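K.L.:
I have a structure here, written as structure tokens, and I will follow up with some questions on it.
2 protein chains.
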Amino acid sequence: MPSEGGEKPEVGQDQAPAASTKVDWIIKVLRLLAFLLTLDATLVMALNKQTKTFTVATIGTVPLRATLSAKFQHTPAFVFFVVANANAALHNLLMLAVGFAGSKLSFKGLAPLAVPVLDLVNVAIVSGGASAAVFMGQLGRNGNSHARWNKICDKFESFCDRGGAAMISSLVGVLLMIIICAISIIRLRNHYGYNKLALNSSVLP
Amino acid sequence: MPSEGGEKPEVGQDQAPAASTKVDWIIKVLRLLAFLLTLDATLVMALNKQTKTFTVATIGTVPLRATLSAKFQHTPAFVFFVVANANAALHNLLMLAVGFAGSKLSFKGLAPLAVPVLDLVNVAIVSGGASAAVFMGQLGRNGNSHARWNKICDKFESFCDRGGAAMISSLVGVLLMIIICAISIIRLRNHYGYNKLALNSSVLP
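As they're listed, the protein sequences go chains Z and B.
For the first sequence, position 43 matches number 43 in the UniProt record's numbering, and the numbering has no gaps at all.
For the second sequence, position 34 matches number 34 in the UniProt record's numbering, and the numbering has no gaps at all.
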């Protein structure tokens, strides 16, 4: 951030500005990656559709065909996956914008508290969406003999493969968002409360 | 916390000790509730089993019966649910212990950073477990005509009801854990960095 140099001597740490600028850029790069991954997961899953024609019976020599489509809308877990990832992509984009405009804006009141808390909420939502989709995908791939649910990925291979790619993208995105949120928390403590905290154990919950 | 009174004047806020003690107790109560809810979710799901005898055919006048069991182990999403909730219950119990022993321990190095970061990771894991179980339960209740997966909750009502209770318990637990983590983040900023932060916008990611 260009607005950092020596104008905040009250922070009271020697190497704080240089280290902070570096961490700022690390967070921005991680956020950009998280944005791209969640956006990718959203688009790949939302555009995932496979239409296939099956021969269901043969009357004499005339085959009777049926055309079936696999769409993400047919599975509630995949709909939640798309909504959760779209929401996270939007959140990451907004936070990137806030980060770049940060030096020009003055944040007061509840605004600075909102960023890590929103990060946290988004981690929970995307983690839920990715996890639900993964287990539904596992069911599609392997089936469940106890519930007599047959696998369907042997019929819709490319639908399953594309869905799996979206899930991997989303899971890596969640991981990056957890890392971003953890860095934010650690940095807050390092910046302001590290030494006091070591003494003031009452901050621990 | 009994060790708080006036021995830490370096915190530098007038009403900090009184407010901090109150927030300490709020966090402890929320954590106890989160512990009980995740433990409840673990036990209810792990002990969930229903055995039922169905008449599958009748030969002459002799009914042919089959006994089927519904167990949580049959569904990978429910296994993950149990593991995630057990892990979160253990985490909350440990953090409660750390909180109560906090005044006697001196935390240095990475230890104080670990609490909110572990909270964050646990929120992500339990959210994933609860969400996967909810969508699998929805599939059991409604089925999915597109994939030709039939509902099974009409045959195993009490298995589904107990599973649903465990899921509600887990979801409320996740919500409480999100609130705990958010309070920790907000408190860190309030304690140490609030006023500085309003000026130092570079802390925003």
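We treat Cβ as the ideally placed atom computed from N, Cα and C, and that holds for glycine.
This structure is a prediction, so every number in the text was calculated from the model and none was measured.
#1: By the 10 Å Cβ neighbour count, where 16 or more other Cβ atoms means buried, how is B/Thr61 classified, buried or exposed?
#2: Can you tell me which of the three DSSP states Z/Lys22 falls into?
#3: Is the beta carbon of B/Phe81 closer than 7 Å to that of B/Gly128?
#4: Mapping the DSSP letters down to three states, classify Z/Phe72 as helix, strand or coil.
#5: Cβ closer than 7 Å: which chain B residues qualify as neighbours of Z/Thr75?
#6: Residue 242 of chain B bridges to which residues according to DSSP?
#7: Select from B/Lys52, B/Thr51, B/Ala66 the residue whose C-alpha is nearest the C-alpha of B/Ser58.
#8: Identify each residue in the stretch 125-152 of chain B for which the Cβ-Cβ distance to at least one residue of chain Z is less than 8 Å, and report them in chain order.
#9: Whole angstroms are fine: how far does the CA of B/Thr55 sit from the CA of B/Val83?
#10: Could you run through the stretch 48-59 of chain B and flag, in chain order, every residue whose CB is less than 8 Å away from some CB of chain Z?
#11: Measure from the C-beta of Z/Thr38 to each C-beta in chain B and report whether the shortest distance is under 7 Å.
#12: Cβ of B/Leu47 within 6 Å of any heavy atom in the ligand SAM?
#13: Once DSSP output is grouped into helix, strand and coil, what is the label at B/Ser59?
#14: Quick check: what's the CA-CA separation for Z/Val123 versus B/Ala70?
#15: In three-state DSSP terms, what is B/Asn144?
#16: Count Cβ pairs between the stretch 126-145 of chain Z and the stretch 21-30 of chain Z that sit closer than 8 Å; are there 3 or more?
#17: How many Å lie between B/Ile168 and B/Glu157 at the Cα?
#18: First and last residue of the alpha helix (DSSP H) that includes B/Ile152?
#19: For B/Pro116, would you say it is in contact with chain Z, using Cβ-to-Cβ distances shorter than 7 Å as the test?
#20: Compare the C-beta of B/Asp14 against all C-beta atoms of chain Z and say whether one is closer than 7 Å.
#21: Grouping DSSP H, G and I as helix and E and B as strand, with all else coil, what is B/Leu36?
#22: Have a look at Z/Arg141 and Z/Gly164 and give me their C-alpha separation to the nearest angstrom.
P.N.:
Quick look at the numbers:
#1: exposed
#2: helix
#3: no
#4: helix
#5: Asn144
#6: With chain B covering 1 to 205 only, the question about residue 242 of chain B has no answer from this structure.
#7: Note on identity: in this sequence residue 58 of chain B is Thr, with Ser being the wrong assignment. It is B/Ala66 whose Cα lies nearest to the Cα of B/Thr58.
#8: Ile125, Ser127, Gly128, Gly129, Ala130, Ser131, Ala132, Val134, Phe135, Met136, Gln138, Leu139, Gly140, Asn144, His146, Ala147, Arg148, Trp149, Asn150, Ile152
#9: 35 Å
#10: none
#11: no
#12: Looking for the ligand SAM in the displayed structure turns up nothing, as the structure carries no ligands at all.
#13: The identity of residue 59 of chain B in the sequence shown is Ile, whereas the question assumes Ser. It is a strand residue.
#14: 32 Å
#15: strand
#16: no
#17: 17 Å
#18: It is not in any alpha helix (DSSP H) - B/Ile152 carries neither H nor E in the DSSP assignment.
#19: yes
#20: Confidence at B/Asp14 is low in this model, with a pLDDT of 45, below 50, so its placement is unreliable and the value that follows should be read with caution. So no, B/Asp14 is outside the interface.
#21: helix
#22: 10 Å
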